[in-house]
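Protein chains in written order, with our numbering: chain A, 29 to 337; chain B, 293 to 634. Structure first, then comments.
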Amino acid sequence: MNPRIRLTVGPVLYYWPRKTLIEFYGAVADSPADTVVLGEVVCSRRHEMKPEDWLSLAHDLAACGKEVVFASQALLESESDLREMRRITAQETYLVEAGDASALRALAGRPFVLGPHVNVYSRPALLEHAALGAVRWVAPVELSLDAIGRVNPPQAPVSGGPQADTPIATEVFAFGRLPLAFSARCFTARHYHLNKDECGFRCIEHPDGLLLATSEGEPFLTLNGIQTQSAGQHCLIGEAAALREAGATRLRLSPTAQGFGEVLACFDKVFNHGGDAGEARAALEALSLPGGLVDGFAHRRPGLERSWT
Amino acid sequence: MSERREAAVRKPHLVCPAGSLRALKLAIDAGADAVYMGLKDATNARNFAGLNFDLAQAREGMAYAHARGAQVLMALNTYADAREPERWWRAVDTAAELGADALICADTAVLAYARDHHPQLRLHLSVQASATTYEAIEFYRERYGIQRAVLPRVLTLSQVGHVCRHTSAEIEVFGFGSLCVMVEGRCALSSYATGQSPNTAGVCSPPAAVRWEDAPEGVRARLNGVLIDSYAPDEPRGYPTLCKGRFHVEGVRDYALEEPTSLNTLAVLPQLMEFGISAIKIEGRQRSPAYVEQVTRVWRAAIDHCAAQPARFAVQPQWVAALGRWSEGQQHTLGAYNRPWR
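Printed below as a string of structure tokens:
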């Protein structure tokens, strides 16, 4: 019997109204998810949720048996961004996921999670971060499964934590539009010919981001404020064996505006209850956003490719 | 005395790109204080065919620079491959043997190796490490002893000043060249389309993935099959760097991410020098030796002028004209330093 693969609900990368978020996490509370990552990781201007709103949400989710992790923002530019990062890293009730090296400095000496935007591409690099106290590693999205297995092999995992005695758990981004890049510039505002500081928060109109297609009409990327994502939804539902071989004990599923409950149910069925991957993938395909499902990164291929026919 | 002290502005080093031995020599002859170069493999972020140095060339370049009082900085700024991190260690050893004046690194694994095995070697934090705050820079300084950090091209001028005031590491900023609109070291757009990215392979939108094709409307430029841009017969063509293409968003075709422009920070040179920045970097190891020579010459003159009379500094029209010839899209921008889009 394989050990349970834990399911992590990644941070909501889009700007959703407060009511939508609360409803979304209400549904997550009753789902098979094990862990929920909270916090705004993309844009510091987004303000639907106040710090106390996030904390009360965390409290409710924890009361429902979910592990809560707070993520710090990936791109910090101003002193107020740093203050927000310090506020998140200062609380010790919940584990914190580091979004950048500023957060690493604040978290050193405590158990914490290495977020997907901290660049760990090799075992020696993971050892460097293990020495800081990391207990969990979310691999960079462009890293292939074979590389992930070399960085933190299940037979010989890197030990982290404050006492250097905790085997680091590997978490792999397994579903959703891939967060590919960050910029100082807001592409949603640019599209609407608005300045970033007077953006009108137009990203709230696009609960799964704003689709960017080639001139031939092929969905290619997704604009989400200062973040650029893939248009294709990365989907590793058919990779149970390869994921286990690579040492993944957790899968990160990135929230979508519609059908996310189905996504969680499909992954739980396939990874923890012997469900059929082909059927589950067909179900996810039916739900998929423009751009369809992709899995190239897992196989050391261009990310927009898919390995099945 | 006090007046003299006010006038004595710290003169930043002019750090110029050397994609080849010829470019290295021209840069030094044109007044570069330092050049940066890489070896012929994936250990550096400009891993293009025909570019960079083999051992003999590196030795010759090093000797040429050192004989003229210039420094050579070795870029080892990609992330060590999980299959073969030893290749990065060997590159560090090689750089030390060659007598490089500093290594430019991004990967904590590479920084740690250099710190532990070559403690005398000066370390610069590459822009690929994405250190956008003084907290991040201090993290690398405290842990790896970096002496200088190259700032990503995403900060405003006042944010650059804020960083300078809060870290004891030297700060290097980009002065001129192609503009990455994305934060360096955190962009996987190229690997999404082609399987190769700056972090994993030292390339962005690699030439091997580019295909030009004739079309009824003119010429189409594809990257691994993805249509990045198309040009009418009379339209100037640019290299199809992924983020500089024209795409459709809600039915509008436009440069959705970034127009092809070049960064040029001549206009803010006095402020940068007032912040006490230590170095100004010129982008373009992939550009021609002629580009390197002429851009170096302009920046040498500008830095010397500014250091001599910072209060009276004005950008000279002949500098603008000279740099304009080498700009992508023939346009200049201050980039994030002054955000017209902010």
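Note that the Cβ used here is the ideal one computed from N, Cα and C, for glycine as well. Bear in mind the structure is a predicted one, so any value in this text is a computation, not a measurement.
If we cut at 7 Å on Cβ distances, does residue i have a partner in chain B?
i	result
residue 240 (chain A)	yes
residue 126 (chain A)	no
residue 173 (chain A)	no
residue 273 (chain A)	no
residue 149 (chain A)	yes
residue 153 (chain A)	yes
residue 115 (chain A)	no
residue 179 (chain A)	yes
residue 219 (chain A)	yes
residue 156 (chain A)	yes
With a threshold of 7 Å between beta-carbons, can residue i be considered close to chain C, or not?
i	result
residue 52 (chain A)	Absent here is chain C; the protein component of the structure consists of chains A and B.
Along chain B, which residues have their Cβ under 9 Å away from the Cβ of residue i?
i	result
residue 110 (chain A)	425, 426, 427
residue 104 (chain A)	424, 425, 427, 428
residue 251 (chain A)	541, 548, 549
Quick test of your reading: residue i and residue j, contact by CB under 8 Å. State the CB separation rounded to the nearest angstrom.
i	j	result
residue 445 (chain B)	residue 479 (chain B)	Not quite, the Cβ-Cβ distance comes to about 12 Å (not below 8 Å), so this is no contact.
residue 167 (chain A)	residue 186 (chain A)	13 Å between Cβ atoms; not a contact.
residue 45 (chain A)	residue 68 (chain A)	Contact flag wrong, Cβ pair sits at about 13 Å.
residue 279 (chain A)	residue 35 (chain A)	6 Å
residue 599 (chain B)	residue 303 (chain B)	4 Å
residue 548 (chain B)	residue 219 (chain A)	7 Å
residue 615 (chain B)	residue 560 (chain B)	Not confirmed; about 14 Å, so no contact.
Should residue i be flagged as near chain A, meaning a C-beta pair shorter than 7 Å?
i	result
residue 371 (chain B)	yes
residue 553 (chain B)	no
residue 543 (chain B)	no
residue 539 (chain B)	yes
residue 404 (chain B)	yes
residue 609 (chain B)	no
residue 475 (chain B)	yes
residue 446 (chain B)	yes
residue 439 (chain B)	no
residue 401 (chain B)	yes
residue 377 (chain B)	yes
Looking only at DSSP bridge pairs, what is residue i linked to?
i	result
residue 513 (chain B)	B:504, B:521
residue 363 (chain A)	The question about residue 363 (chain A) has no answer here: the residues shown for chain A are numbered 29 through 337.
residue 572 (chain B)	B:306, B:465
residue 309 (chain A)	Answer by DSSP bridge pairing: none, since residue 309 (chain A) is not bridged.
residue 540 (chain B)	A:241, B:545
residue 605 (chain B)	BP columns for residue 605 (chain B) are empty, so no partner.
residue 326 (chain B)	B:307, B:363
residue 247 (chain A)	A:241
residue 148 (chain A)	In DSSP, residue 148 (chain A) forms no bridge with anything.
residue 263 (chain A)	A:203
Name the chain B residues that come within less than 7 Å of residue i, Cβ to Cβ?
i	result
residue 185 (chain A)	Under the 7 Å cutoff, chain B gives no residues; its nearest Cβ is about 14 Å from residue 185 (chain A).
residue 69 (chain A)	Per Cβ cutoff of 7 Å: no residues; residue 69 (chain A) is ~12 Å from chain B at best.
residue 145 (chain A)	478
residue 290 (chain A)	In chain order: nothing, as chain B lies at least about 25 Å away.
residue 98 (chain A)	Result: empty, since nearest Cβ-Cβ is about 17 Å, beyond 7 Å.
In chain A, which residues lie less than 8 Å from residue i when you measure between Cβ atoms?
i	result
residue 432 (chain B)	129
residue 491 (chain B)	147, 149, 168, 170
residue 522 (chain B)	243
Using a Cβ cut-off of 7 Å, pull out every chain A residue sitting near residue i, in sequence order please.
i	result
residue 519 (chain B)	242, 243, 244
residue 374 (chain B)	149, 150, 151, 175, 178, 179
residue 325 (chain B)	Neighbours of residue 325 (chain B) on chain A: none; closest Cβ ~28 Å, over 7 Å.
residue 451 (chain B)	105, 106
Under 9 Å between beta-carbons, which chain A residues line up against residue i? List them in chain order, please.
i	result
residue 496 (chain B)	Going along chain A, no residue has its Cβ under 9 Å from residue 496 (chain B), so there is no contact; the nearest lies around 11 Å.
residue 479 (chain B)	208, 209, 210, 211, 256
residue 454 (chain B)	106, 107
In chain B, which residues lie with their C-beta within 8 Å of the C-beta of residue i?
i	result
residue 330 (chain A)	483, 484, 485, 486, 487, 516
residue 7 (chain A)	Since the first residue of chain A shown is 29 and the last is 337, residue 7 (chain A) is not available in this structure.
residue 335 (chain A)	Per Cβ cutoff of 8 Å: no residues; residue 335 (chain A) is ~13 Å from chain B at best.
residue 133 (chain A)	427, 428, 430, 431, 434
residue 169 (chain A)	480
residue 215 (chain A)	548, 549
At a cut-off of 6 Å, is residue i close to the ligand FMN when judged by its beta-carbon and the heavy atoms of the ligand?
i	result
residue 30 (chain A)	What this structure holds is no ligand at all, so the ligand FMN is not there to describe.
Next on the checklist: Quick test of the definition: if touching needs 3 or more C-beta pairs under 8 Å, does the region 130-141 of chain A touch the region 158-172 of chain A?
Outcome noted: yes
Next on the checklist: Closer than 8 Å is the cut-off here; do at least three beta carbon pairs connect the region 328-336 of chain B with the region 362-382 of chain B?
Outcome noted: yes
Next on the checklist: When you compare the region 346-363 of chain B with the region 315-333 of chain B, are there three or more beta-carbon pairs, one atom per stretch, that lie closer than 8 Å?
Outcome noted: yes
Checklist entry - Three or more C-beta pairs closer than 8 Å, one from the region 117-134 of chain A and one from the region 93-106 of chain A: is that the case here? => result yes
Checklist entry - How about the region 434-441 of chain B and the region 523-533 of chain B: do they share at least three Cβ pairs that are nearer than 8 Å? => result no
Checklist entry - Would you call the region 231-238 of chain A and the region 179-195 of chain A in contact, with 3 or more CB pairs under 8 Å? => result no
Checklist entry - Okay, do the region 149-158 of chain A and the region 247-261 of chain A touch, 3+ Cβ pairs below 8 Å being the bar? => result no
Item to check | Touch test, the region 321-337 of chain A against the region 257-271 of chain A, Cβ-Cβ under 8 Å, three pairs minimum | outcome: yes
Checklist entry - Is there contact here, the region 462-472 of chain B with the region 504-511 of chain B, by at least three beta-carbon pairs under 8 Å? => result no
Item to check | the region 490-504 of chain B contacting the region 337-346 of chain B, beta-carbon criterion three pairs below 8 Å | outcome: yes
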